[in-house]
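Each number in our numbering corresponds to the 1-based position in the sequence shown with 18 added.
Note that CB positions come from ideal geometry on N, CA and C, so glycine has one too.
Structure record follows, encoded as structure tokens.
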Amino acid sequence: MQGENFTIWSIFFLEGFSRYPRLEVVLFVFSFVMYLITLLGNSTLILITILDLRLQTPMYLFLGNLAFMDICYTSASIPTLLVNLLSSQKTIVFSGCAVQMYLSLAMGSTECVLLAMMAYDRYVAICNPLRYPIIMNRRVCAQMAMVCWVTGCLTALLETSFALQIPLCGNVIDHFTCEILAVLKLACASSLLMDMIMLVVSVLLLPIPMLLIFISYIFILSTIVRISSTEGRDKAFSTCGAHLTVVILYYGAALSMYLKPSSSNSQKIDKIISLLYGVLTPMLNPIIYSLRNKEVKDAMKKLLGKIPLHQTHEHL
């Protein structure tokens, strides 16, 4: 729009939680602890899936990718948040803001697709076990993982490249990170094209994968109820319930931020949801999906030297 007073900003100020100075200390401790647990849990999962031959299966291939995404996603925003929570100068340069925006979008979008792929993998394993090795062979799994990465990275590139071309009439971002919606609120004028891109990408990456996940688990649960063993059935229900809890937390937080009407938008609530979305689910993923499994526990014991190598290889 002509006549608007806009500038090409080289530095942005991240307002974060500066309005609540007493809360910043609590948030620093919470975020720091969650970040360390996330790094430790996900790094451990990646390491043991590489070192232990028993875990080089389709399920753990997807879990390894999920762990890597969670490390990248949290590392894109949490270190900046931690520094700003302790600093009076809460700034970030334009290039840093662009990288942060892209990485957050890319990892979040990729994870949305990956969770759907993981649900399909569990559906085939439980509902069609005899054909599972044929359907989910190494080539297919590699292709599915590649589709996740390409989809997430390309949609993030599309959103970021368009968002960074929009003229901004301010450089104070009311968020703790360069979150795309918070940056777009500084736009001098609304962009119909940008709004359409955000809507299409959000619909493709949020409700559609979530619907596919729930359909997969409906078939999974219908198979589980036919298990004759009460103990096996209870264990399967517990595992599925834990998986669905993570899915609901992840997609629920994302849907509340990206697909709700702008008129009902509360930036304070969005920042809290974004913080939980950014630190809680990446911390829970390795615990819920992997670290409770007997195979993973045995691999960790082997890694720590609690099980002799010859004893472990006897079960391969």
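Check, Outcome
"Starting from the C-beta of F46, find all residues in its chain whose C-beta is less than 8 Å away, skip the five residues before and the five after it, and write them out in chain order.", "L100, L103, L104"
"Which runs of the beta strand (DSSP E) at least 3 residues long sit entirely within the stretch 97 to 128? Give them in chain order.", "109 to 111"
"Please name the residue in P76, L176, G170 whose C-alpha comes closest to that of I153.", "P76"
"Consult DSSP for S281 and reduce its assignment to one of helix, strand or coil.", "Because the pLDDT of S281 is 49, which lies under 50, any placement of that residue in the model is unreliable, and the number read from its coordinates should be weighed accordingly. In the structure shown, S281 sits in a helix (DSSP, three-state: H, G or I)."
"Among Y53, I66, S106, I68, which residue has its Cα nearest to the Cα of C90?", "Y53"
"Tell me the DSSP secondary structure of A205 in three-state form.", "strand"
"Would you tell me roughly how many angstroms separate the C-alpha atoms of V111 and K289, rounded to the nearest one?", "21 Å"
"Give the DSSP bridge partners of I64, in chain order.", "Beta-bridge pairing links I64 to no other residue."
"Quick one: what does DSSP say L302 is sitting in, helix, strand or coil?", "helix"
"Excluding the 5 residues preceding and the 5 following M136 in the sequence, name in chain order all residues of the same chain whose CB lies nearer than 6 Å to its CB.", "F80"
"Check each candidate in Q161, K319, L293 and name the one with the smallest Cα separation from V44.", "L293"
"So, are the CB atoms of G170 and S234 less than 8 Å apart?", "no"
"Is S61 close to chain B? Criterion is C-beta to C-beta, closer than 8 Å.", "No chain B is part of this structure, which consists of one protein chain only."
"What whole-angstrom Cβ distance do G59 and I305 have, given they're in contact under 8 Å?", "6 Å"
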